[in-house]
Structures are given as C-alpha cells and as structure tokens.
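In the numbering used here, the protein residues as written are 1 to 692.
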C-alpha cells in the first residue's frame, strides 16, 4: 500500500485505486478491511500518518468493493478511550452501507456484565459493510428550483410511508426513493400546491434491537450511523451501492417537477448510544473526539439528545464530519436544504448553547450552503432556543403550534399570542431589537411527525399508544388536543361536523399566516394514526398513508388555500412591514388594551394591506375574521381603509368572500359592502378580499 493523501477523509476512487484517510487522535493504527464476495477479510494497515489522519493508497481497487476499518489503541473507558481492534467499524464518510447490524454481545466493545472489560470477540460477522461507490451520474440539465422561502410550502413526509400503499405506484417501487419520484406522487404534490418535500431521516440508520424483539421497527429513522449514506432499505435497487444513484434520480425527478428536496438530518447523536451501547463506528475510531464526554467522568457521555450520546460539535473532527456531510448532500446529491433535528445540541460550545458556536459560524460562512434552506429544530433535552438562531436560519416555531392549538380548542387568554402567530411572530423574531430577522425565520406548523396527525388532533383528548408496547408511557401527554366532545371514532354527526370544521380551521390558519408553512404529509387527506402520537416504531398501517381513504373535500380545500397563498403576496410577506396590519374587533374598530386583556374574547379581525400580485402600484386588502368561541359572532366590514379613506363615502370597491371554514358560507363566495355585517359561526374563520 502506498502513502496516499490525508484528504479527503474516507475512501475515494482515484488513479486506478482508492485513497483511504481516517482521522483518529487517540488511535495507534488503522487497518483497512477488504471483503470479497464470499465474506473473506483481508486487512491492510494504512502506512502513513499526517497529523491525526492515517492514510494510504491501494491500487487495483474500485467501485463495488466492500470494506470497513479496525482501529488499534488504548482500551480505558474511564478515560474515554474505547479502541478495540476486534471490532469492525463503519467508515463515517461511507457513501453506501450494505447489510444489517447484529444485536449480540460481539458488536459491543465491552462485556455486558462488565463495562470496563475489553470484549475480544470479533464483530465482523455481525456488521454491515461499507461499499465503494461509483459516484458518476448524468445530472443532465438538473436545476435546483431554489424556491424563495416566502413562496415555499413545505410538506413533511416519509419515503416509505408516502408511497407504500399507493395503487398507481408499481409494487416494486413502493416505499422507495424511486417510488417517491413516480409521477403519481410528484403530480399529486404539485397539484396540492407543495413546493418543498421534507423527508424524514434518509441517512443510514440502525434498527433498535429492543424494538425488533417486540416485533416493531424504527420507522422514523432518528438513529443515524452514516451521515453521507442514503438508507439502503429505501432503495428499489437494493443496498449494494445502487441506492446512491437511485437517490440522485429521485432528486432529479422531483426537481424536474419543480419540487425541492429538504432532508431531516440527525447530527446531534448516533446509534452507538451511551457507555453501555455498541461499537459500530465513531466510538471505536476516536470516542473522545467525536462524542461529548462528561468532564471529569469521561467514562460517561454528556447527553442533550435523550439517546445516550451527543456529537461533540465543538471538536474539529466531529464538526468536520458534519460539514463534509452537508456539502456532500448539496454538491453531489443536489438536495435543497436541511432540517436539523435537535439543532440546539450542535450549538453547544463547552456544553452551553451559543449563537457564536463553531457550528453556526462555519455554516454561516460556507459558500456551498449559502443558497440552500437551513431549518433548525431550536431545542434539545436541556434547552429551548426558539428565536435564538442567526438571521439566515429558519426555525420550527413551537410557540406557533402551541398557541394556535390552544386558540382553536377554545382556551382563554391566547388571542394576543395568536395575533402574533398570524402575522409572523414578531414578538419572537424582533424582540430586543434583533436585526435581520423576518417572518421567514418562522416555520409555522400545527402538526409534525412527532405527535398527533391533524385528524387525530381533532379526534382525541388523550394519546392511544398501546401498539408501541410501552404501556402508554411513551409520547407527549400534553397535546393541546380536543376530540370535540368524543374520544376517537363516533357516529355523532354533530361531533364529526365540528371535527371537519376544526381541521379546516387549522389548515386555513397555517396557510394564511405570515411565515413559512409546513404541512404534515397526509393531514390534507385526513390521515389517522388511530390516536397514536408517537408512531416512531410503527412501520405499519398505523403510519403508512391510506390512499383508499382520502378525504377529497379536504384535499380540495387545501388546494384552494395554497392557491390563495401563491397568488397573493399580502399573505406571504418577506419582511415585517411589507404588509400593513391592523387588528380589529369583530364590530370594526381597532383592538384596544381592554380588548386584548379580555381573556374570554376569542374573536378577531386581521386587516392586511399589501402589494398586488400583478405588480400594479395599487394595493389589495384581506380581512381575516376568526371566531374560536362556542357561539356565532356578528362581524362588521370596516368602512375606513388603513389610509383613513372612507370606503362607503368614496364608493371604493366592496369586499368579496373568498374562503370560509364554514361549508355553508364557503360555497356562497358573495360580495360585501363596507359597513355590512356578516355572521361568522362558532369555531370558524372567514376571509374577505378587496382590490383597490
């Protein structure tokens, strides 16, 4: 083996062979382990070391080669050193992974009955293999859509669940990257008005043995072990390397349909768990560099992810792995952005959250990442950071979810908070004079993969997670949900009618709010999980889309909403101040301090004046009348415009009812004159429109 080069890290094809580079600050030696078709292993020690990187070049090896690493060094868990050359390790920079993980004691660096004792059993037979891949691909004229945030409608979904039962997707493609790119799926999403598909984790992940013992599986995939490898189980081509080209083709096909691809990425932790967890990769290569350890007690992990470990994003090698992964998915896989699971963990510098952390600094200056969407889940198990990320980031706005849920279920005292949520959450993103932040920092959502679907949010007061096998102890208990007078399925026509109206209320609120809307995939068609609000382990009918039970009326209503948003800039401003906002009482005058202080008040008119969509100098106005009370409220169409003109006296154009969550009112689409009264029924909203 020749000395080779210390960069790039991982295994790369070049000059008729492969260059191999593995960083380890604490390891003594690194062996490249090559496997033939019969599973026989050949070991070659990397001959050169530059700084902390062991490297070498091996001629005559190319795409299709199966491989792994073994790293020799000190075994002293109390000091954070967990080297064990008996363990086959995955390449953290691998582009493809083939096979599955064993769950026996042989994949653990230690003995189960003694965490300090070195386990000398060889793990190779129970470990998957990394695959050297052919990275060539004909991208043709692929052009990322680069949909501006103010025009984006995000659709959070799952590669398998979206397509697994779709009758128009060929059976052999269902549940795969190729299936997601099928015209039956892309056509549906385009018609719905979606611009951006956000996929639950597609990085290579590990199945949890404790779930498999119960006949369950890790469905969501928040158990990553390969940050550059697309998960092999989702490929119709299999996991022998073909998953890379299939993923690229999926992205290319979605781009051709005008759809962006955003990945939900899990860099905050890995599948290796805590000090009692297995040794699959990073733990055996350089445990104390890749993971954050407890200071003064390095035998244990500093965990803010709730999974046993946290990536040490303040260390150059761990941070470099994350950055290499991000750039790879943008440059080589052409994805359009990322949603960072528990992003706050990545901002922890020496354990504390910091807006000036190494991670945020590197991301903010990286030219490769500059044009793509960056979305944070702005919390972890030890901190809540909504509003705390830099200006170029958007955030999942948990306050939006909670306040809107409370409002529509009839809670007192939330009207003021909901007014902020409807207009971009300025109280969150401009508080304290923060500059550069705008409504697009707020990713608004009512539901997400983690929790109830919209159908279940309006059908259950309590979670029903019995199928998870944890005695109902798992999942959030405070869901701010309301079953509208019954628990689960019912024959009560009144309850079912109210539930349907509530779903429209939530969808309309989401898509008419300033900010970036994120729709949980299937909410628009009435998808249910039977009251399960933690379906992470349900790779079953509980989680899969049921394409035979689509609420077509709700789908059409959602299409109307996305069309309204798309056609009218006043509903999706880029900056605070682009649209004039007035908050009015139901009877017309502007809200006063006493009106806001009235906790029982659940009716509000949001009057918006903004630029017209046709580029004309004139403005257009919207009047959003919301009534979350239990009774009908009489609203008055204001007679004066935002600039003080008397609409009645000057004969200005009247208003047109363009949308209502009350089906009887929705079909009328009638005109209304300034000063006219309109009845908005209990728990409903109505939208009026006027063009000067």
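For glycine and all other residues, C-beta sits at the position ideal for the given N, C-alpha and C.
Please classify residue 433: is it buried, with 16 or more other beta-carbons within 10 angstroms of its beta-carbon, or exposed? Summary for residue 433: the model assigns pLDDT 49, below 50, so the residue's position carries little reliability; its value from the coordinates is reported in the next sentence. Under this definition residue 433 is an exposed residue.
Identify, in the order they occur along the chain, each residue of the same chain with its Cβ nearer than 6 Å to the Cβ of residue 304, setting aside the five sequence neighbours on each side. 310, 345, 380, 381 and 382
If we count the other Cβ atoms within 10 Å of its Cβ and call it buried at 16 or more, is residue 252 buried or exposed? buried
Three Cβ pairs or more, each shorter than 8 Å: is that satisfied between the stretch 233 to 251 and the stretch 480 to 488? no
Residues sharing a beta bridge with residue 293, DSSP: 301
Considering only C-alpha positions, which residue in the set 203, 269 and 284 is nearest to residue 308? 269
Whether residue 633 touches residue 603 by CB criterion (8 Å): yes
Applying the criterion that 16 or more other CB atoms from any shown protein chain within 10 Å of the CB defines a buried residue, is residue 569 buried or exposed? buried
Report the start-end ranges of each beta strand (DSSP E) in the stretch 205 to 281 that is 3 residues or longer and not cut off at the edges. 224 to 230 and 260 to 265
Beta-carbon spacing of residue 699, residue 215 below 8 Å: Outside the displayed span of the chain (1 to 692) sits residue 699, for which this structure offers no information.
Exposure label - residue 674; buried when at least 16 CB within 10 Å: buried
Near residue 598, what residues of its chain come up, given a Cβ to Cβ distance below 6 Å and the 5 sequence neighbours on each side ignored? none
Please name the residue in 249, 167, 414 and 536 whose C-alpha comes closest to that of residue 207. 536
To which residues of the same chain is residue 562 closer than 8 Å at the C-beta, ignoring the five residues directly before and after it? 153, 192, 193, 194 and 511
Taking only heavy atoms of the ligand MG into account, decide whether any of them is closer than 7 Å to the Cβ of residue 182. In the structure on display, the ligand MG does not appear, and there are no ligands present to speak of.
Between residue 98 and residue 240, which are expected to be in contact by the criterion C-beta below 8 Å, what is the C-beta distance as a whole number of angstroms? 5 Å
Counting only runs of 4+ residues fully inside the stretch 380 to 436, write out the alpha helix (DSSP H) ranges in chain order. 398 to 408, 415 to 422 and 426 to 429
Can you list, in chain order, the residues of its chain with a C-beta nearer than 7 Å to that of residue 389? Leave out the 5 residues immediately preceding and following it. 376, 378 and 395
Have a look at residue 51 and residue 69 and give me their C-alpha separation to the nearest angstrom. 19 Å
May I ask you to report which of helix, strand or coil DSSP gives residue 127? coil
Return the CA-CA distance between residue 501 and residue 391, expressed in angstroms with no decimal places. 36 Å
Three or more C-beta pairs below 8 Å linking the stretch 35 to 45 and the stretch 156 to 176: no
Beta-carbon proximity check, residue 288 vs residue 62, cutoff 8 Å: no
State buried or exposed for residue 475, treating a residue as buried only when at least 16 other CB atoms are found within 10 Å of its CB. buried
If you draw a straight line from the alpha carbon of residue 454 to that of residue 172, how long is it in whole angstroms? 30 Å
If contact is defined by three or more beta carbon pairs under 8 Å, each pair taking one atom from either stretch, is the stretch 321 to 339 in contact with the stretch 361 to 372? yes
Residue 286, DSSP secondary structure in three states: helix
Using the three-state DSSP reduction, which class does residue 580 fall into: helix, strand or coil? strand
Taking only the alpha-carbon atoms, compute the straight-line gap between residue 166 and residue 386 and give it to the nearest angstrom. 37 Å
Residues bridged to residue 691 [DSSP beta-bridge criterion]: 620
Can you tell me whether DSSP reads residue 358 as helix, strand or coil? helix
Do three or more CB pairs link the stretch 508 to 524 to the stretch 418 to 437 at distances below 8 Å? yes
Do the CB positions of residue 55 and residue 5 come within less than 8 Å of each other? yes
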